[in-house]
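J.:
Protein chains: 2
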Amino acid sequence: MQLGLSVSDSDVSSFTPLVVLELADDTKAEAITWLLNRIRDKQQNGGAELLVNQLLFPAQDDQKPNPNVFVVGSTLQRLLNGAEDVGLFKEFQDGTMRGFTYANRESFKDFNEGFLSDAECQYIIKHELDTLRAKNEEHVPGYPKLKLYPGKSVVRRLQSKGVLIQYFPLHNKEDLKRLSFSWYKKFKLSLQPLDDIRHYFGEGLALYFGFLEYFTFALVPMALIGIPYYLFDWEDYDKYVLFAVFNLVWSTVFLEVWKRCSATLAYGWGTLSRKKAFEEPRAGFHGALGFNPVTGREEPVYPSSKRQLRIYLVSVPFVLLCLYLSFYVMMVYFDMEFWAINIYNENPDIATSILLFVPSIIYAVVIEIMNLLYRFAAEFLTDWENHRLESSFQNHLVLKVLVFNFVNCFASLFYIAFVMQDMVLLRQSLATLLITSQILNQVMEAFLPYWLQRRRNKKVHKRMRRLMGDKELPLLGQVQLETEMNTYLGTFDDYLEQFLLFGYVSLFSCVYPLAAVLVVLNNITEVYSDAFKMCHVFKRPFSEPAMNIGVWQLAFETMSIIAVVTNCALIGLSPQVKAYFPESDTQLILIVVAIEHVLLAFKFILAFVIPDVPKHIQVNLAKLEFDSLEALKKRVSTHFLKKEP
Amino acid sequence: MQLGLSVSDSDVSSFTPLVVLELADDTKAEAITWLLNRIRDKQQNGGAELLVNQLLFPAQDDQKPNPNVFVVGSTLQRLLNGAEDVGLFKEFQDGTMRGFTYANRESFKDFNEGFLSDAECQYIIKHELDTLRAKNEEHVPGYPKLKLYPGKSVVRRLQSKGVLIQYFPLHNKEDLKRLSFSWYKKFKLSLQPLDDIRHYFGEGLALYFGFLEYFTFALVPMALIGIPYYLFDWEDYDKYVLFAVFNLVWSTVFLEVWKRCSATLAYGWGTLSRKKAFEEPRAGFHGALGFNPVTGREEPVYPSSKRQLRIYLVSVPFVLLCLYLSFYVMMVYFDMEFWAINIYNENPDIATSILLFVPSIIYAVVIEIMNLLYRFAAEFLTDWENHRLESSFQNHLVLKVLVFNFVNCFASLFYIAFVMQDMVLLRQSLATLLITSQILNQVMEAFLPYWLQRRRNKKVHKRMRRLMGDKELPLLGQVQLETEMNTYLGTFDDYLEQFLLFGYVSLFSCVYPLAAVLVVLNNITEVYSDAFKMCHVFKRPFSEPAMNIGVWQLAFETMSIIAVVTNCALIGLSPQVKAYFPESDTQLILIVVAIEHVLLAFKFILAFVIPDVPKHIQVNLAKLEFDSLEALKKRVSTHFLKKEP
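Protein sequences, first through last, are from chains A and B.
Under UniProt numbering, the first residue of the first sequence is numbered 1, with each subsequent residue one higher.
Under UniProt numbering, the first residue of the second sequence is numbered 1, with each subsequent residue one higher.
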């Protein structure tokens, strides 16, 4: 089943197909003709100047195939121009990363052999499609109600109106085989092939896997310290002071060092100094016709006061209601817990000691279900808030989800630790929550979609074989297979999971030192299952340039600040520390608070003192800036020479 | 005594003199000739293309005048080119601020009438002089030891070797008269003429006065609330809880709103989006010859490891020693205080009740003296650390000075408040420190220099009159007068003073509500005395483009965080609050700590939520960016058209 870049069905396409476009099967012919013309048209006429061909699937007995599936490709020349357009950074002859320009193309390293990766080509095609702008057309031909606004993206418009169902990049079987082998198929102790991942899936995803790897390695010392704690001081809860101190220092240093690692990665991938493109409105954004204050053009606008009203009058109350519900469920859990403990105390045997864990397990499952339901509600609400830009949408979504997930997952632990002050229950509850949620996550995230996908694959294979006999499955089969795959919704859920794991470790692991061990084990399997799901379960996602992990850095930092406070409070509660201040609690509390303030101050100073970008990359960036200033100066002085005489 | 821009001594200069250059009086003739030629040379030959003339002072009986004083001016054409060079932002036809380009000059608002202010012209000349770079000369002619490095600033080199004594901009008597009238001479209740100040002194100084004004206004509500507290609850120390809460909210909102004000001012002055120039090394920077890693050119370099050693082995211990000394002095003060209180208790009459204030007054004077001495030491040390860039020098100096000043001024107050818990003494000590330091500051800062300057002025006037009879004093007299004036060392000390006043108000004013009133009164006179000293006591400073108050914003924010902690602790100590928790201190402390954490979190969220730049300016900035992207696109597509056929 090879396909790759070689063109095996010459009747279908005479170019390397990179991106698939699927229109609704009842799309009017005139609209299709118009769209294809616009895509094929020359750039100076406002077209995208790409190659596009229809894919005709043979009719099948059980269902009529969608006739409106197209593959898009491009000439190399067009791709190189597009690379300059999107502001791609590539390695220059002298080893620094520079913005690619067509004029200087020969001065870039390895210009001739595979200069642009598949993912980059697909990203460029996506960008060119997205920025295909309406000209003078008032509406989409055949759809008088589907208005177009001059200068706005045609594809976004078609997408938001349901004419364009989806468009996605095709997998490259050869590369995928090679990548998956070096990534997760061979049994090895080496690091992940981050550069290859970036090559195939883009920087955003590669950064996620880089972070996952870094986080896992950072946890190893903690896990190593945790094991003897667990083995030898099993019932010695009050020995965790040292561990808490370690925790504090670790969580601060961890995040600061990651910033530097991420800057190094992003520099090597050319995304660190790349400028952000002017952001297009989201596909789902709608509003009354008005004037954009920035561009001065006529387009749909939505007053931000209305959005504020929706946020404060609907979203905020809804989130509060959900939080209340979460607290209510927590109280039910505690009732169950006491009931189980009472039964155990009345009749302590094996059956009842197992029963002790049942409430926690049920609670963990309920938490996961609530998180899942809330996630959908949050997405719906944030969509309804009608944010104009994707970045603003994402920020509001992340904030909503983080607040709820944090409370939902950790509220019971905080309650047990600081209100009930029951360290035995805390440890037991923490362990059950952690293990249950890990198991559920792995199932939900990888095995379930894999199983569904396998069933679907088999069906498609059987169908195709029936139609074409025993021939290898070429482009048609691959496109049909991938069209039906699930869409990968971005790194959001993956980061969220890591965020919650980070919370379990940094907030409470001093009470249950084995937490770090469990998270390390989870993350090792996570790497494999995530890698597998990216390669075989989901559609290939478009690569997304990323210079850092974005809002998640802030989220993790906030968590580490909360961790300082929590750990200090746990230290203050430990019998060991309390023993030093037998006569007065007041003094103990004052000292703990003082230490906490010093630690927080220290944390801020540390974050301030450690440069976010390593020295040698700073020098490289300064070099680039210096060169562009020098070039500017030259331009200015030739300008003078022309002016002067 | 008019002079202004009209040229009244045509034998001396045939252009408007803007900047004065003073070389050492024993400078070799060949060096002078070389320097003047380089300044006058055309830009394409690497010269500055400025106009420069010698000023010859008539010989005087008592002393020989320095023959090496020069005035520098420029043609309008050169200034306009220079404006593009330094990246000046000016108001465009459509009301937005845009980077000035010579090609589009006619599209800027008011291009014809007084387009460039005096201060801008002088700034451009300074920039052109500073970036006059060595070409192939190996050393300054006549000085074989004074090496030059290709591409490095000639003027900086001459300055650091003592050949160039100083260069400064000339006052413009007409403008100055107008400015000083509208600024401080007329009795008025209007605001300061910030735009005029910026026009005459540049953005850096105008922002300082803007901040001073804003701070003073922000204090007015606090002062108004403080007065009844002071009048009616004179002995009622425990009523300050409400005031402390007000304090907390105030200090947070104050700084957030200032950021927006400052962005508005900076946008209107065209400095908000202006790019920073590539920073030249400081004049005093020295080191062994090596290669600059950024430019690849040969120049003096100084290993940062050596600098780190100097910082950690000398500077840090020195600062710690000074802090120890400050604590020692504080302890002596407390001894004096107890001694005075004992005397008063033994024999309470008017004389001994006055004696009660003596230790505080002495201590306040000693604090001021220590601050002054430390300031010199810190400057010397930071200079010795040999920082390459002025910005790095400034950061290290500010950090050193702030830490010491903070401890020196506030340590005794913290000690009284939290160790001795004596609110009566705290109030008395605060009042004495505040009033004494204000009086001392005003004297040291304005009246003393003014008095010295007046004496000097009279001497110069007399001398000139003797030489020239009763003729008006033209250029020669003005230059001689201004050459001998003191140099204004920048806004550092002015901001430092405001920082300490902010500390007195935000940290402790709830104990002594009159503090805000005193600071308001002080700042009103401060505006007048600062305005006066800028106009008549010091040399005119070069204008400095500034987009915000820089490191001081951070300093004030840090202070406001400390204020939250301090105020919460003061609330916790108040008898009024303590009365609510008669049986247990523990509960009280826990509640206070919890409230403190909530307030701190609230503060951070507030800082995060309030946008630093007002909406309408964000839109303007986005417009600018959009336009430049559009222009780029046009450039790219013409590029295609050229390439394609």
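Don't be surprised by glycine CBs; every beta carbon is placed ideally from N, CA and C.
Computed from a prediction, not measured in an experiment: that's the story for all the values here.
1) With DSSP as the reference, identify every bridge partner of P67 of chain B, one or two as the case may be.
2) I'd like the span of the beta strand (DSSP E) that includes Y184 of chain B, first residue to last.
3) For F393 of chain A, which residues of its own chain have a beta-carbon under 7 angstroms away from its beta-carbon, when the five flanking residues on both sides are left out?
4) Look at V592 of chain B and Y230 of chain B and say whether their C-beta atoms are less than 9 angstroms apart.
5) Leaving out the 5 sequence neighbours to the left and right, which residues in its chain are closer than 6 angstroms to S360 of chain B when beta-carbon positions are compared?
6) Can you list, in chain order, the stretches of the alpha helix (DSSP H) that have 4 or more residues and sit fully within the segment 221–298 of chain A?
7) Hey, out of A:F232, A:G270, A:L621 and A:K135, whose CA is closest to G202 of chain A's CA?
8) Taking only runs of the alpha helix (DSSP H) that begin and end inside the segment 334–360 of chain A, which ones reach a length of at least 4 residues, in chain order?
9) State yes or no: is the C-beta of E138 of chain B within less than 9 angstroms of the C-beta of K126 of chain B?
10) Hey, is F626 of chain B's beta-carbon within less than 9 angstroms of any beta-carbon in chain A?
11) Which residue wins for smallest C-alpha separation from P293 of chain A, given the options A:P303, A:H286 and A:F285?
12) Under 7 angstroms Cβ to Cβ from N408 of chain B, same chain only, skipping five residues before and after it: list those, please.
13) Measure the C-alpha to C-alpha separation of residue 667 of chain A and I605 of chain A and round it to an integer number of angstroms.
14) Tell me whether M97 of chain A sits in a helix, a strand or coil according to DSSP, three-state version.
15) How close, in whole Å, do the beta carbons of K623 of chain A and T96 of chain A come, if the pair is a contact with beta carbons under 8 angstroms?
16) Closer than 8 angstroms by beta-carbon distance: list the chain B residues that pair up with V565 of chain A, in chain order.
17) Mark H199 of chain A as exposed unless 16 or more other C-beta atoms lie within 10 angstroms of its C-beta, in which case mark it buried.
18) Does the segment 63–74 of chain A touch the segment 15–34 of chain A, meaning 3 or more C-beta pairs lie closer than 8 angstroms?
19) Closest by CA to C261 of chain A, which one among A:I524, A:P611, A:P513 and A:F499?
20) Helix or strand or just coil, what does DSSP make of N371 of chain A?
21) Would you check if the distance between the CB atom of R40 of chain A and the CB atom of A31 of chain A is smaller than 9 angstroms?
22) For R133 of chain B, list the residues DSSP reports as bridge partners.
23) What number of angstroms, rounded off, separates the C-alpha of F508 of chain B from the C-alpha of N567 of chain B?
24) What number of angstroms, rounded off, separates the C-alpha of E484 of chain A from the C-alpha of A351 of chain A?
25) With DSSP as the reference, please indicate the residues paired to P169 of chain A in a beta bridge.
26) Mind checking whether G151 of chain A and R38 of chain A have CB atoms under 9 angstroms apart?
27) Give me the DSSP bridge partner(s) of K603 of chain A.
28) Quick check on K623 of chain B - is its C-beta less than 9 angstroms from some C-beta in chain A?
29) Exposed or buried, which one is E106 of chain A when buried takes at least 16 other CB atoms within 10 Å?
30) Looking only at its own chain, which residues have a Cβ that is under 7 angstroms from the Cβ of Y528 of chain B, when we skip the five neighbours before and after it?
31) For F626 of chain A, which residues from the same chain have a beta carbon less than 6 angstroms from its beta carbon, with the 5 sequence-adjacent residues on both sides left out?
32) If we cut at 9 angstroms on Cβ distances, does T491 of chain B have a partner in chain A?
33) May I have the straight-line CA-CA distance separating G82 of chain A from F89 of chain A, to the nearest angstrom?
34) Within 10 Å of its beta-carbon, does E84 of chain B have 16 or more other beta-carbons around it, so buried, or fewer, so exposed?
35) For Y143 of chain B, which of helix, strand or coil comes out of DSSP?
T.: By the coordinates alone:
1) Paired residue(s): none; P67 of chain B is not in a bridge.
2) From DSSP, Y184 of chain B is part of no beta strand (DSSP E); its letter is neither H nor E.
3) R282, T382 and H387
4) no
5) S429 and T432
6) 241–268
7) A:G270
8) 350–355
9) no
10) yes
11) A:P303
12) S326, I367, M370 and N371
13) The shown model of chain A, from 1 to 645, leaves out residue 667 of chain A, and the question about it has no answer.
14) strand
15) 6 angstroms
16) H597
17) buried
18) yes
19) A:P611
20) helix
21) no
22) B:S153
23) 7 angstroms
24) 47 angstroms
25) A:V19
26) no
27) Per DSSP, none; premise fails for K603 of chain A.
28) yes
29) exposed
30) Y184
31) none
32) no
33) 12 angstroms
34) buried
35) strand
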